[in-house]
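Residues in the sequence shown are numbered from 1 upward in steps of one, following the working numbering.
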Amino acid sequence: MPVTVVVGAQWGDEGKAKVIDLLAKEHPFVVRYQGGHNAGHTVVVGEERYALQLTPSGVLYDSVTPVIGNGVVVDLPTLFREIDMLTERGIDCSRVKLSTRAHLIFPWHQSHDAIAEAARGENKIGTTLKGIGPAYADKARRVGIRAGETTDVVHFAESVRARCEEENIAIVAAGGEALDVDDVVALFSRLGERLQPYLADTVNLLHDALAEGDDILLEGAQATFLDLDHGTYPYVTSSNPTAGGACAGTGLGPRDITRVVGITKSYTTRVGAGPFPTELTDELGDRIVDIGREFGTVTGRRRRAGWLDCVMLRHAVKLNSLTELAVTKLDVLDTFEQIRVCVGYRRHGVEVTNYPDLSTTLEEVEPVYVDLDGWCCDSTKARTSSDLPEQARALISLIESEVGIPVRIVGVGAERDDYVIWGDDA
Ligand code: GDP
Ligand code: IMO
Ligand code: MG
């Protein structure tokens, strides 16, 4: 039975949640497989706007079991804040399942994130300061505390106390402020108790679902070029958002996956530092930011903006085995008279054929652009391919031919129903 992965093909915030919301109707299980509350996934339903950091976007449907997989790092205060917020708005969260194998984030991870960023000075990564990197580092060092450990109340409290005392020494040595150990132990003991009904062996849960014939949707957070291995290191996150990470982060096997949907905006954005070949630092960039409301869902930070980059997208196809693309935010380009699309790179005057393996090399490339006429009219009412203005259709066709895979969905607005299924009538 089909397992679909939705993965960001750029640097995040591509509109993954809106596409997941669209696909969730046909998938009884929606599963987060990596990252943590550094994600900000927005779904707009009428007057309601849901900005989710940890809970899988499928939670909005009663028919969906939302699962937080073993690959996620979980901040319990955020999880319960989100569950309370959703419950208040009439959404049943009793179905949420959290893997016993998922690692927990603690306040010392947030302290270390802040200390490390401050120490980097000018070379800051621009992390979300949520403790993501330090939590994954603890997992790799094999000193992390997993969600399943909360079932033994006494052992859990002892582990939290021991780790907090140990980390306080490192925090103070680095010039930070020690955490109040008793407060931390008391808070997490309370949260650990509250967690019990949500805990599950999600690996077997998902395999049982597959055996029953249920379809599963795997919700990527962050994106291909923020991947710890394949992104623009060190300006990356500390997990593997690429489709391979979906197997490690859920316990499903590679052959279970049948469809991989890459999400791209009709332009490019990035939040935080790092190379960005098609970045616009002029008023055109400001226009994209203003019209596209390109401010972080989680941090409120202004996103950097630039033209669409098909060299990136071609590489994302390789890294993720993408079977199709969803192009979001087409409507943001409605007022642009000319639209540029990067179709190649040059470095020191020479054509670059492969995506550069080092960030320092990527810093040196110059984009090669194809210029297209804009459509200069409202695309937001389009519901079929043929409703789209001719120039917008030309843009989508160019993306398909440059990237080499079909576009299936085109986003023309933030609302749930603002999309076009791109297809035969194009
Ligand atoms: P995610 O992290 O990939 O899920 O994306 P975010 O939620 O962080 O950011 C995407 C933003 O664009 C959100 O505010 C969405 O409501 C909005 N959005 C998604 N698709 C479209 C679209 O097709 N058009 C417009 N105008 N906004 C969109
Ligand atoms: P969604 O799922 C965009 C960026 C941060 C920073 C880098 C490392 O909403 O697309 P971290 O806190 O993860 O250690 O920060 O990654 N970043 C994101 N950028 N969208 C996200 O998530 C992001 N999550 C992390 O800005 O540059
Ligand atoms: Mg986001």
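Every residue gets a Cβ at the ideal spot worked out from N, C-alpha and C, and that includes glycine.
Distance cut-off 6 Å: residue i Cβ against heavy atoms of the ligand IMO
i, result
"residue 305", "no"
"residue 226", "yes"
"residue 222", "yes"
"residue 271", "yes"
"residue 133", "yes"
Residues near residue i in its chain [Cβ-Cβ closer than 7 Å; skip 5 each side]
i, result
"residue 378", "334"
"residue 21", "43, 57, 60 and 416"
"residue 232", "225, 274, 275, 359 and 362"
"residue 124", "117 and 273"
"residue 167", "108"
"residue 403", "310, 313, 314, 317 and 325"
Proximity test, residue i beta-carbon vs the ligand GDP heavy atom, cut-off 6 Å
i, result
"residue 150", "no"
"residue 265", "no"
"residue 16", "yes"
"residue 414", "yes"
"residue 381", "no"
"residue 328", "yes"
"residue 231", "no"
"residue 44", "yes"
"residue 297", "yes"
"residue 21", "no"
"residue 331", "yes"
"residue 244", "no"
"residue 253", "no"
"residue 411", "yes"
Check: residue i C-beta below 6 Å from any heavy atom of the ligand MG
i, result
"residue 361", "no"
"residue 40", "yes"
"residue 13", "yes"
Residues bridged to residue i (per DSSP)
i, result
"residue 269", "305"
"residue 51", "42"
"residue 419", "411"
"residue 66", "30"
"residue 97", "67"
"residue 262", "7 and 325"
"residue 257", "3"
"residue 207", "Answer by DSSP bridge pairing: none, since residue 207 is not bridged."
"residue 372", "339"
"residue 351", "346"
"residue 217", "4 and 30"
"residue 295", "302"
"residue 73", "103"
"residue 199", "98"
Other residues of its chain near residue i: CB distance less than 6 Å, five sequence neighbours each side excluded
i, result
"residue 160", "185 and 188"
"residue 291", "332"
"residue 340", "307, 369 and 371"
"residue 477", "Limits of the chain in this structure are 1 at one end and 426 at the other, which puts residue 477 out of reach."
"residue 144", "103 and 138"
"residue 337", "374"
"residue 129", "113 and 114"
"residue 96", "66 and 198"
"residue 45", "416"
Sequence-distant residues of its chain with Cβ nearer than 8 Å to residue i (five each side left out)
i, result
"residue 285", "279, 304, 305 and 306"
"residue 407", "324, 325, 326, 327, 396, 399, 400 and 422"
"residue 87", "93"
CB-CB length for residue i against residue j, believed under 8 Å
i, j, result
"residue 246", "residue 33", "5 Å"
"residue 16", "residue 300", "That belief does not hold up - the Cβ atoms of residue 16 and residue 300 are roughly 19 Å apart, past 8 Å."
"residue 67", "residue 147", "With 8 Å as the limit, residue 67 and residue 147 do not qualify as a contact, their Cβ atoms being about 12 Å apart."
Cβ of residue i within 7 Å of any chain D Cβ
i, result
"residue 246", "Of the protein chains in this structure there is only one, and it is not chain D."
Any non-hydrogen atom of the ligand ADP within 6 Å of residue i CB
i, result
"residue 128", "Here the bound small molecules are the ligand GDP, the ligand IMO and the ligand MG; the ligand ADP is not part of this structure."
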